[in-house]
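All remarks here apply to the structure that follows.
Residue numbers (full-length UniProt numbering), protein chains in the order written: chain A, 1 to 44; chain B, 1 to 539.
Below, the structure written as structure tokens:
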């Protein structure tokens with residue numbers, strides 16, 4: 001049973017790895033996270 | 001699923017002693033965890049370990065730092081740099097400052113990984129390494145590293161050692177030392193973690209409380225000496241409240257150990273649904289195994305994690321923010337709760353230990369344990385290589401060093417003003433990374449105050465200055481032709497600014513001499529008399 005849980009965890013982790021690498025490769029990692037404000041640095 | 005009690009734990013004793021683990025196994029685990037922490041630290045920091053300084057957000061280190069009133073919290077805003085700046089400045093007297101920075105950053109990973117590994121009672125090394133790996137490779141560490149909050153992370157790295165010491169009643173002072181070096185925020189996180197744990201070990205309570213209070217004295221005393229310095233702006237409650245950085249809302253993000261307020265501090269590629277699901281599942285599984293496990297400090301650490309998450313969640317709702325605003329208005333010291341996401345730190349320890357307990361169940365199978373140790377890296381791969389290139393190392397420009405030599409050699413009285421009068425910079429020579437202006441520390445010299453702004457702008461919100469001197473200067477600069485010598489300034493540094501701003505500054509500084517003139521910095525000096533600074537602004 002623990003091995004099933006571990007296999008599921010590892011599967012989810014691999015899916016996350018693939019999704020992150022694909023997203024970063026395709027978007028150049030410029031996506032803005034959900035609902036986040038930004039420091040206002042202006043032109044400085 | 002049956003309750004998971006580690007097969008080696010002694011519920012009433014220390015989590016890891018000769019009672020349940022052989023000394024040799026313990027030594028091997030300590031060494032292996034330290035090496036794993038070092039490897040993960042090198043992987044995470046990557047280019048930041050190259051020659052030069054890592055300057056990002058709140059992380060500011062400078063070459064050959066000098067002690068000043070600011071170092072000891074006797075000038076500027078709240079005593080957030082006490083005593084961390086003094087410790088760094090002292091270390092930099094015997095080691096190059098850039099080496100001090102790299103050693104501190106690596107120490108976070110080594111200390112954190114080793115502490116979490118040793119806190120888990122196990123005869124097998126694998127489960128301990130799983131706990132250690134997760135504790136130093138998770139969204140909390142990534143986001144706080146990208147915020148440049150090395151001092152908070154040093155305190156975070158000490159948390160497992162604190163739990164261990166508090167439970168055993170031994171070496172409490174040594175365990176709290178990393179947080180003590182770090183200062184106010186880290187000590188608050190440590191207290192929230194330690195007090196529920198010691199509640200079950202009352203015979204040690206007096207000692208633990210005494211250590212926590214004693215190690216807080218550096219900033220408590222300074223704060224008492226300068227009560228105006230902690231006039232926290234309640235606007236910060238809204239600006240720094242935890243935010244959603246996953247599709248699961250703010251609370252879901254906090255439970256995933258993320259949820260920091262600043263978009264610039266969110267790891268690259270963090271927004272994928274698969275990644276968010278994986279991180280949330282990982283924390284829920286880890287927390288579940290911890291709660292069902294038989295670790296002796298389970299109740300205390302579980303309460304600490306619940307309190308920490310609870311505090312972080314208060315700012316998520318409007319009534320909660322209103323309560324925090326009211327608290328900050330009553331006493332500025334409550335401003336530490338504005339950036340409440342930092343209090344999910346005990347949850348990170350809970351999850352790390354829970355994942356270690358899960359690994360304990362398959363400890364005989366190295367393949368499974370090895371795979372589980374890699375899971376934290378897989379769910380957050382962009383922490384690697386300097387958080388995907390966002391951490392780097394750069395030298396300070398030669399013009400900065402030249403200007404500092406001029407200022408240090410001058411015995412004439414008068415302070416240094418840094419323009420533009422804004423807190424943060426995105427220097428071209430620093431790869432455009434946003435950083436708190438290093439000028440205040442770089443140009444520090446005994447007897448001469450370096451005044452820069454401490455206002456923080458977050459979106460449309462402006463968190464007001466806490467520094468009486470900066471507030472006064474702000475009023476002076478509102479005029480069309482500010483008289484800077486009358487405001488106490490001998491030197492003016494212009495280290496950034498738009499073309500329009502530089503032209504305006506040129507008008508203000510028409511009667512000052514230009515002593516250093518480079519693309520990245522100009523140093524102006526006013527000859528003649530400079531007015532003394534009123535006592536209420538100097539403090």
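For glycine and all other residues, C-beta sits at the position ideal for the given N, C-alpha and C.
When the Cα atoms are used, what is the spatial distance from residue 100 of chain B to residue 236 of chain B? 31 Å
Taking 8 Å as the threshold (beta carbon to beta carbon), is residue 26 of chain A in contact with chain B? no
For residue 400 of chain B, go through chain A and note every residue whose CB falls closer than 8 Å to its CB, in chain order. Result: empty, since nearest Cβ-Cβ is about 16 Å, beyond 8 Å.
Which one of B:478, B:451, B:482 has the shortest CA to CA distance from residue 470 of chain B? B:451
Can you confirm whether residue 10 of chain A, when its beta carbon is compared against all beta carbons of chain B, has any partner nearer than 8 Å? At least one chain B Cβ lies under 8 Å of residue 10 of chain A.
With 16 as the cutoff for other CB atoms within 10 Å, does residue 4 of chain A come out buried or exposed? exposed
Identified DSSP bridge partners for residue 489 of chain B: B:415
Unbroken stretches of the alpha helix (DSSP H), 4 residues or longer, contained in the region 172 to 242 of chain B: 172 to 182, 184 to 198, 205 to 225, 235 to 239
Anyone know if the C-beta pair for residue 63 of chain B and residue 393 of chain B falls short of 8 Å? no
Closest to residue 315 of chain B by C-alpha separation, out of B:85, B:297, B:341, B:110, would be which residue? Comparing Cα positions, the closest option is B:341.
For residue 270 of chain B, name the three-state secondary structure that DSSP assigns. Looking at residue 270 of chain B - three-state DSSP - the assignment turns out to be coil, as it is neither helix nor strand.
For residue 132 of chain B, tell me which candidate among B:108, B:514, B:281 has the shortest Cα-Cα distance. B:108
Output needed for residue 106 of chain B: all residues of its chain with C-beta closer than 6 Å, excluding positions within five of it in sequence on either side, in chain order. 41
Kindly say whether residue 375 of chain B, judged by its beta-carbon, lies nearer than 8 Å to any beta-carbon of chain A. Residue 375 of chain B counts as touching chain A.
Does residue 438 of chain B come within less than 8 Å of chain A when only Cβ atoms are used? No, because no Cβ of chain A sits closer than 8 Å to the Cβ of residue 438 of chain B.
By the criterion of Cβ-Cβ separation under 8 Å, what are the contact partners of residue 361 of chain B in chain A? Result: 2.
For residue 368 of chain B, return the contacting residues in chain A, with the cut-off set at a CB-CB distance below 8 Å. Near residue 368 of chain B (Cβ distances below 8 Å), the residues of chain A are 3, 6.
Which residues share a DSSP beta bridge with residue 424 of chain B? B:436
Would you report the Cα separation of residue 6 of chain A and residue 372 of chain B, rounded to the nearest angstrom? 7 Å
Could you please give the first and the last residue of the uninterrupted beta strand (DSSP E) stretch that includes residue 524 of chain B? 522 to 525
Secondary structure at residue 93 of chain B, three-state DSSP: helix, strand or coil? coil
N- and C-terminal bounds of the beta strand (DSSP E) containing residue 457 of chain B: 456 to 458
Distance, residue 387 of chain B Cα to residue 351 of chain B Cα: 22 Å
For my contact list, residue 136 of chain B and residue 113 of chain B are in at a C-beta cut-off of 8 Å; report their separation, rounded to the angstrom. 5 Å
Beta carbon proximity, residue 275 of chain B to chain A, threshold 8 Å: So, interface residue.
Out of curiosity, what's the CA-to-CA distance linking residue 383 of chain B and residue 110 of chain B? The alpha-carbon atoms of residue 383 of chain B and residue 110 of chain B are separated by roughly 16 Å.
For the alpha helix (DSSP H) that contains residue 56 of chain B, what are its first and last residues? DSSP places residue 56 of chain B outside any alpha helix (DSSP H), giving it a letter other than H or E.
C-alpha distance - residue 477 of chain B paired with residue 330 of chain B, whole-angstrom precision: C-alpha separation (whole angstroms): 30 Å.
Would residue 14 of chain A and residue 175 of chain B qualify as a contact pair, given that the criterion is a beta-carbon distance under 8 Å? no
Can you tell me where the beta strand (DSSP E) with residue 515 of chain B in it begins and where it stops? 513 to 517
Contacts around residue 124 of chain B, its chain only, beta-carbon distance under 6 Å, and the 5 residues preceding and following it disregarded: 363
Say whether chain A places a C-beta atom closer than 8 Å to the C-beta of residue 381 of chain B. yes
Bridge partners of residue 544 of chain B, per DSSP? The requested residue 544 of chain B does not occur in the structure, where chain B is confined to residues 1 to 539.
How about residue 167 of chain B and residue 296 of chain B: do their beta carbons lie closer than 8 Å? yes
Are the region 81 to 92 of chain B and the region 308 to 327 of chain B touching by the rule of at least three beta carbon pairs closer than 8 Å? A contact is defined here as three or more CB-CB pairs under 8 Å, and the region 81 to 92 of chain B fails this definition with respect to the region 308 to 327 of chain B.
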